[in-house]
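Following this note's numbering, the numbering of the sequence shown begins with 233 at its first residue and continues without gaps. Note that the Cβ used here is the ideal one computed from N, Cα and C, for glycine as well. Bear in mind that the values here come from a model prediction, so they are computed numbers and not experimental data.
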Amino acid sequence: MINSSDFVKRLEKILEYYGITATAFAEKLDFNRSTISHLLSGRNKPSLEFVMKLLQQFPEVEMNWLLFGKGSFPTIPENRNAIAAPKQKPIAAEDLFSNKNNVEADKTVRSNQNSETIERIVIFYRDGSFNVYQN
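So, in structure tokens, the structure goes:
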């Protein structure tokens with residue numbers, strides 16, 4: 233049986249992790265905002281359709297973690313020997329072209345030029361959507 237208050241906490245953790253609002257989350261899953269609001273308030277329990285759409289749109293979410301709190305979020309990569317990249321404060325796209333962050337962004341780009349090649353670039357939008365550009 234799903235514990236509603238624990239499920240709400242896990243749902244809030246997903247929203248926080250992706251940095252999206254409940255409205256953007258509802259749009260991404262193609263659900264009514266009221267449905268998401270009722271889930272977040274604990275009024276309603278998630279439907280199978282909701283869970284399946286969430287798992288499809290957010291592959292880092294494990295079903296056992298979402299429903300029962302078992303496992304981890306985000307999922308641990310398959311290659312456990314890989315060294316995780318340190319978390320850095322993301323630079324917004326509009327800030328890349330402003331003078332205040334150009335020096336910091338330029339240093340980041342230059343420091344990565346010699347050691348690694350770029351695999352992909354992901355641009356996140358405030359509405360929760362994103363574009364992936366892959367080599």
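{"Item": "Inter-residue spacing [alpha-carbon to alpha-carbon] between Ser266 and Thr349", "Value": "44 Å"}
{"Item": "Local conformation of Val283 per DSSP, three classes", "Value": "helix"}
{"Item": "Where Tyr250 sits in the DSSP three-state scheme", "Value": "helix"}
{"Item": "Coil, strand or helix - Ile268 by DSSP", "Value": "helix"}
{"Item": "Between the CA atoms of Thr255 and Ser237 - distance to the nearest angstrom", "Value": "20 Å"}
{"Item": "CB contact flag (Leu298, Arg242, <7 Å)", "Value": "yes"}
{"Item": "Through-space distance from Asn264 to Phe300, alpha-carbon basis", "Value": "24 Å"}
{"Item": "Inter-stretch contact (C-beta, 8 Å, three-pair minimum) for the stretch 245-262 and the stretch 350-366", "Value": "yes"}
{"Item": "Tyr365, buried or exposed, once every other Cβ within 10 Å from all chains shown has been counted against 16", "Value": "exposed"}
{"Item": "Same chain, Cβ closer than 7 Å to Gln289, neighbours up to 5 away in sequence not counted", "Value": "Lys260 and Leu261"}
{"Item": "Inter-residue spacing [alpha-carbon to alpha-carbon] between Ile252 and Val240", "Value": "15 Å"}
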